[in-house]
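Student:
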Amino acid sequence: MEELVIRDADVVDGSGDDAYRADVVVDGGRIVGIVKEAAAAGCQRPKARRELDAEGLVLSPGFIDMHAHSDLALLRDPDHSAKAAQGVTLEVLGQDGLSYAPVDDRTLGEVRRAIAGWNGSGDDVDFDWRSVGEYLDRLDGGIAVNAAYLIPQGTVRALVVGWEDREPTPRELDRMRQVVAEGMEQGAVGMSSGLTYTPGMYARRAELTELCRVVAEYGGYYCPHHRSYGAGALQAYEEVVALTREAGCALHLAHATMNFGVNKGRAPELLALLDEALDAGADISLDTYPYTPGCTTLVALLPSWASEGGPEETLRRLADEETAERIRHHLEVTGSDGCHGVPVEWETIEISGVGDPALGAHVGRTVLESARARDESPWTVARELLLKDRLAPTILQHVGHEENVRAIMRHRTHTGGSDGILQGAKPHPRAYGTFPHYLGHFVREAGVLSLEECVAHLTSRPAARLRLPDRGLVREGYKADLVLFDPRTVAAGSTFDSPRTLPTGIPYVLVDGRFVIEDGRRTDELAGRAVRRTPR
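Taking the numbering used here, the leading residue of the sequence shown gets 623, the next gets one more, and so forth.
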């Protein structure tokens, strides 16, 4: 007898087709039977050792977070309710060009310092891996949800070239190609870049094109955080579209948006650019989070030259009065490349987390608010935070536009990604609320998407981008990564004031046929594993 039958569920199967009523049978981690309208037809109902009454609940495939920053959280926090409670059953890690594999002893320490604001210091993690394959093996030891991995181009560049702003030698470029190939062979699904983060931002178009050729050979995709989401945003999108077409590589645009005052109402221009490329044969998809503010690290706003050489060099420059004044001028007057070419508006920069608890009074305040409270300039406050907290502060950046968010989420290649940073006392609520916010606000309340459309955006579309042949749909033979939610009550509990509140209306989540959320509570199941690239 099979393990589980979910009775009388309203199945939204991920295809975008209309919902239907069915009994769904699960056994051995897979969907082994779907009996449509069983009760109405009066046919023999399937039986199993456990029966779950799903009356009034929608059954859908598990949600796939196409842009996650849980690289260490999955290892240090077995509970991981931040994602499991949202119905996320698969996360894509290694984002924005910086993560923890492939590394050597030198670059591991450098990367840990550089992205402490994203993932914490890592002092509570045993870094017993160096290669992509070894990291994926570590995930296979048991994690809350499944995880795939992108090779981080900035980490590769740090490993081979260092943190200097220069072009690689031919030998170094060959070595980077080799490192990317090794990561793909070991199971990565593609390559990411952070082209406003050092050292990835030092890569010119030709270098990125060559690395994308390698990714394409293995059937992977390129996922850039491109060079600007502000001034020059369209040119930045044009660059990555052109270079991936030249390389013959699929493109997935990370947290695709148009931010800052210069881009208000300009999403249609981005979508026209993408549609023209798609109609000409390009392979392009994108992800977004359903909120207007962004989230990053405070150090990321600095001009790229201030971060050349790595974190210790950045701190040295900040400590030098003359150099610090140059940094301030670039930030406040000319608009640094780290701040997307737009002069920083300190009233939009809210401190969301610090590494040193002694600096906690800044959390929840904008830099401008802290400056006024101390009768100091905003730059004085920001500089002191960076120095005292050794580049660890994270920020919310209130620079988005609702009309752009809505327009982009309607696009034919759109998928969902939280871009959720789990660190800090006041993280962005998207880390805990992205997927129920789509379903509760943008489907039920705002009607921007139908329920069937939205579920397809969050399930089958990302599964197709990841080339996963047995995930993303409710089909016989597919993995039993499933979510049961109440369409009348599903909602993000997280807010900007209470960002770690768990969602409502998602009572059951299954990973590999095992309940990780049951009756709305996290179980002790660690059913997740590494999901490796599917060979061509």
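For every residue, glycine included, the Cβ atom is placed at its ideal position computed from N, Cα and C. Here the structure is a predicted model, which is why all the values come from computation and not from measurement.
In terms of alpha-carbon separation, which member of T1016, H1023, E713, R1151 lies closest to S743?
Tutor: Ranked by Cα distance from S743, the options T1016, H1023, E713, R1151 are led by T1016.
Student: Measuring only the C-alpha atoms, how far is S753 from G805?
Tutor: Rounded to the nearest whole angstrom, the CA to CA distance from S753 to G805 is 7 angstroms.
Student: In the DSSP assignment, find the unbroken beta strand (DSSP E) run with D687 in it and report its ends.
Tutor: 685 to 687
Student: What span of residues does the beta strand (DSSP E) with R643 cover, start to end?
Tutor: Looking at the DSSP string, the run of the beta strand (DSSP E) that includes R643 is 642 to 649.
Student: Which of the three DSSP states is assigned to H1079 in this structure?
Tutor: helix
Student: So, is H951 buried or exposed, given that buried needs 16 or more other C-beta atoms within 10 angstroms?
Tutor: exposed
Student: How far does the alpha helix (DSSP H) with L761 in it extend, from its first residue to its last?
Tutor: 754 to 761
Student: Does the region 929 to 938 come into contact with the region 1024 to 1036, if we say contact requires no fewer than three beta-carbon pairs (one atom in each stretch) closer than 8 angstroms?
Tutor: no
Student: Taking the alpha-carbon positions, what's the A1047 to E972 distance?
Tutor: 12 angstroms
Student: Go to T711, then tell me how far its beta strand (DSSP E) extends in each direction, as first and last residue.
Tutor: 710 to 715
Student: Locate the alpha helix (DSSP H) running through V836, then write down its first and last residues.
Tutor: 827 to 839
Student: What residues in its chain sit with their C-beta under 7 angstroms from that of A1068, if we drop five residues either side in the sequence?
Tutor: none
Student: To the nearest whole angstrom, what separates the beta carbons of P1049 and P1121, a pair I think is in contact under 8 angstroms?
Tutor: 5 angstroms
Student: Compute the Euclidean distance between the alpha carbons of G812 and R1087, then round it to the nearest angstrom.
Tutor: 10 angstroms
Student: Cutting at 8 angstroms between CB atoms, please list the residues of its own chain near E794, excluding the five before and the five after it.
Tutor: Contacts found: V782, V783.
Student: Go to F1057, then tell me how far its alpha helix (DSSP H) extends in each direction, as first and last residue.
Tutor: 1052 to 1059
Student: I need the DSSP call for L1044, collapsed to helix, strand or coil.
Tutor: Of the three classes helix, strand and coil, the one that applies to L1044 here is coil, per DSSP.
Student: Is it a yes or a no for the region 706 to 714 touching the region 677 to 689, going by three-plus beta-carbon pairs under 8 angstroms?
Tutor: yes
Student: Report yes if the C-beta distance between A1155 and A810 is below 8 angstroms; otherwise report no.
Tutor: Per the sequence presented here, residue 1155 reads as Arg, with Ala not at that position. In contact: R1155 and A810 (Cβ atoms closer than 8 angstroms).
Student: Please state whether DSSP places Y851 in a helix, a strand or coil.
Tutor: coil
Student: Is the number of C-beta pairs between the region 672 to 681 and the region 629 to 637 that are closer than 8 angstroms three or more?
Tutor: yes
Student: Can you give me the C-alpha to C-alpha distance between E832 and V862, rounded to a whole angstrom?
Tutor: For the pair E832 and V862, the Cα-to-Cα distance works out to about 13 angstroms.
Student: Report the CB separation of R667 from E625 in whole angstroms; it is logged as a contact under 8 angstroms.
Tutor: So it is not a contact: roughly 16 angstroms between Cβ atoms.
Student: Run the CB neighbour count on A980, radius 10 Å, all protein chains shown included, and call it buried at 16 or more, exposed below.
Tutor: exposed
Student: Return the CA-CA distance between R735 and L1013, expressed in angstroms with no decimal places.
Tutor: Distance between the alpha carbons of R735 and L1013: 8 angstroms.
Student: Less than 6 angstroms between C-beta atoms, sequence neighbours within five positions excluded: which residues of the same chain meet that for H962?
Tutor: S850, Y851, G852
Student: By Cβ distance below 7 angstroms, which residues in the same chain neighbour A1004 in space, the five residues on each side in sequence not counted?
Tutor: L920, V989
Student: In this structure, what does DSSP give as the bridge partners for S907?
Tutor: H874
Student: Assuming A704 contacts A1053 (C-beta within less than 8 angstroms), just tell me the rounded distance between them.
Tutor: The C-beta separation of A704 from A1053 comes to about 6 angstroms, placing the pair in contact by the 8 angstroms criterion.
Student: Using three-state DSSP, classify T777 as helix, strand or coil.
Tutor: In this structure, DSSP gives T777 a helical state, which the three-state scheme calls helix.
Student: Could you check the C-alpha separation between A1029 and L1009 for me, to the nearest Å?
Tutor: Going by the C-alpha atoms only, they are around 40 angstroms apart.
Student: Among V1027, A941, R1144, which one has its Cα closest to the Cα of G887?
Tutor: V1027
Student: Assign P1058 to one of two classes, buried (16 or more other C-beta atoms within 10 Å of its C-beta) or exposed (fewer than that).
Tutor: buried
Student: For the region 1139 to 1149 against the region 1071 to 1087, are there 3 or more C-beta pairs whose distance is under 8 angstroms?
Tutor: At 8 angstroms Cβ cutoff, the stretches do not touch.
Student: For a test of the three-state rule: what should DSSP assign to G1142, helix, strand or coil?
Tutor: coil
Student: Assuming contact is defined by CB atoms lying nearer than 8 angstroms, are M623 and A670 in contact in what I supplied?
Tutor: yes
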